[in-house]
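If you read the protein sequences in the order shown, they are chains L and D. So the first sequence is numbered by the working numbering: it starts at -15 and just counts up by one. So the second sequence is numbered by the working numbering: it starts at 789 and just counts up by one. Note that beta-carbon positions come from the ideal geometry of N, C-alpha and C, so glycine has one too. Only a predicted model underlies this, so the values are computations on that prediction, with no experimental measurement involved. For reference, the structure discussed in these notes is given below.
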Amino acid sequence: MHALANPARFLRLARPVTTWLLLIGLVLAVAGMAAGLTLTPPDYLQGETVRILYIHVPSAWLGMAGWLGIAAASLSQLVWRHPLAAVGGRAVAPAGATFAAVCLVTGSIWGRPTWGTWWEWDGRLTSMLVLFFLYLGYIALASAERERGGEGRIAAIYGLVGAVNLPIIHYSVLWWRTLHQGESIGLTGSTIDNSILWPLPLTMIGFTCLFGAAVLMRMRAELAEAKVEARMRRMGAA
Amino acid sequence: MNPWPFVIGAYLVAIVLTATLLVWSFTSMRRAEAAADSIRRK
């Protein structure tokens, strides 16, 4: 982590990695979605609607992983004062908010034919909606702090406190009665048959690479903007 | 109930939102890096 504290060193690494993440992400995400739409059999209970799995699960994972990234960046900023931590946190937020929104909308679309309703105020859906609003709050707070020339400490504290919502999302299907199904994919295995499951790793890795590419592009944009601002200040002072 | 409109709708939402995120990130990066390059050359 500290090896990347130098922005010039970080940019030397980020430029080729961005391109590779974009290319690999596009290939895997398109292949996984095409396979999920055409090559897998319908589920015995849910029928064709099970195909929404291949986009809903990666977006749920990335919505939550994004906030985990914000929490890690916040901790790194508050404890070690890592110079790129605030930039990283601000770069993760739009990508995390986008995938949290994709998760909410695709889940709602999946719910209508499966549960008979677009929305239910139960633990899993509500805590995911709270995560989306937390992202919007973080984006507003971090950009306001940056405009005022702050170090981003308030946004970092908010990022750490918001992480409390992550275990609530994860365990909501166990803690409360909910329409949402329980955990079907764990670290040790899955209750989903392999004939349906196999395209999921493709979309999981593909969308994760695209998420990473979006974050690196936002970080590069912020670092370039900071460079322009610093040069303008020096020119104004001269 | 025909499931395909729901399936296609969900995929469209995912593709459009992801593409919007990537295009916005890419254009803002290109614009910022071009501005940084031009100011460095001055």
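Closest Cβ-Cβ distance between residue i and chain C: below 8 Å?
| i | result |
| --- | --- |
| G80 (chain L) | Reference to chain C is not applicable here, since the protein chains of this structure are L and D. |
So which residues on chain D does residue i lean against when the C-beta distance must stay under 7 Å?
| i | result |
| --- | --- |
| L194 (chain L) | T806, L810 |
| I39 (chain L) | A798, Y799, A802 |
| T175 (chain L) | Result: empty, since nearest Cβ-Cβ is about 21 Å, beyond 7 Å. |
| T90 (chain L) | A798, V801, A802 |
| A198 (chain L) | L809, L810, S813 |
I need the straight-line Cα distance from residue i to residue j, nearest angstrom please.
| i | j | result |
| --- | --- | --- |
| G190 (chain L) | R130 (chain L) | 32 Å |
| G91 (chain L) | L805 (chain D) | 15 Å |
| S111 (chain L) | A820 (chain D) | 36 Å |
| G797 (chain D) | G50 (chain L) | 24 Å |
| A802 (chain D) | L88 (chain L) | 11 Å |
| L37 (chain L) | A824 (chain D) | 42 Å |
| P793 (chain D) | P(-9) (chain L) | 47 Å |
| T82 (chain L) | L186 (chain L) | 20 Å |
| V212 (chain L) | I827 (chain D) | 7 Å |
| M48 (chain L) | R65 (chain L) | 24 Å |
| D106 (chain L) | W45 (chain L) | 19 Å |
| V11 (chain L) | T162 (chain L) | 36 Å |
| V236 (chain L) | G80 (chain L) | Past the boundaries of the shown model lies residue 236 (chain L); chain L is included only from -15 to 222, so the question cannot be answered. |
| R35 (chain L) | L21 (chain L) | 6 Å |
Check the Cβ-Cβ distances between residue i and every residue of chain D, and say whether any is below 8 Å.
| i | result |
| --- | --- |
| W45 (chain L) | no |
| G53 (chain L) | no |
| T24 (chain L) | no |
| P183 (chain L) | no |
| A205 (chain L) | yes |
| V71 (chain L) | no |
| I123 (chain L) | no |
| V76 (chain L) | no |
| I36 (chain L) | yes |
| V86 (chain L) | yes |
| E167 (chain L) | no |
| R65 (chain L) | no |
| M201 (chain L) | yes |
| A208 (chain L) | yes |
Check the Cβ of residue i against every Cβ in chain D and list those closer than 8 Å, keeping chain order.
| i | result |
| --- | --- |
| G31 (chain L) | P791 |
| V212 (chain L) | A820, A823, A824, I827 |
Tell me whether residue i, by its Cβ, gets closer than 7 Å to a heavy atom of the ligand FMN.
| i | result |
| --- | --- |
| G170 (chain L) | Questions concerning the ligand FMN fall outside what the structure shown contains, since it holds no ligand whatsoever. |
Would you call the region 144 to 153 of chain L and the region -5 to 3 of chain L in contact, with 3 or more CB pairs under 8 Å?
no
Take every Cβ of the region 201 to 220 of chain L, pair it with every Cβ of the region 167 to 181 of chain L, and state whether three or more of those distances are shorter than 8 Å.
no
Chain D contacts from the region 125 to 149 of chain L (Cβ-Cβ distance under 9 Å):
none
For the region 94 to 110 of chain L, which residues have a beta carbon sitting closer than 7 Å to at least one beta carbon of chain D?
W94, R96, P97
With a threshold of 8 Å, are at least 3 pairs of Cβ atoms found where one atom belongs to the region 176 to 192 of chain L and the other to the region 91 to 100 of chain L?
no
Contact the region 188 to 206 of chain L vs the region 71 to 82 of chain L: 3+ CB pairs below 8 Å
yes
Of all the residues that make up the region 4 to 19 of chain L, which are near chain D by a beta-carbon distance shorter than 7 Å?
M17
Looking at chain D, which residues of the region -10 to 4 of chain L have a Cβ within less than 7 Å of any of its Cβ atoms?
none
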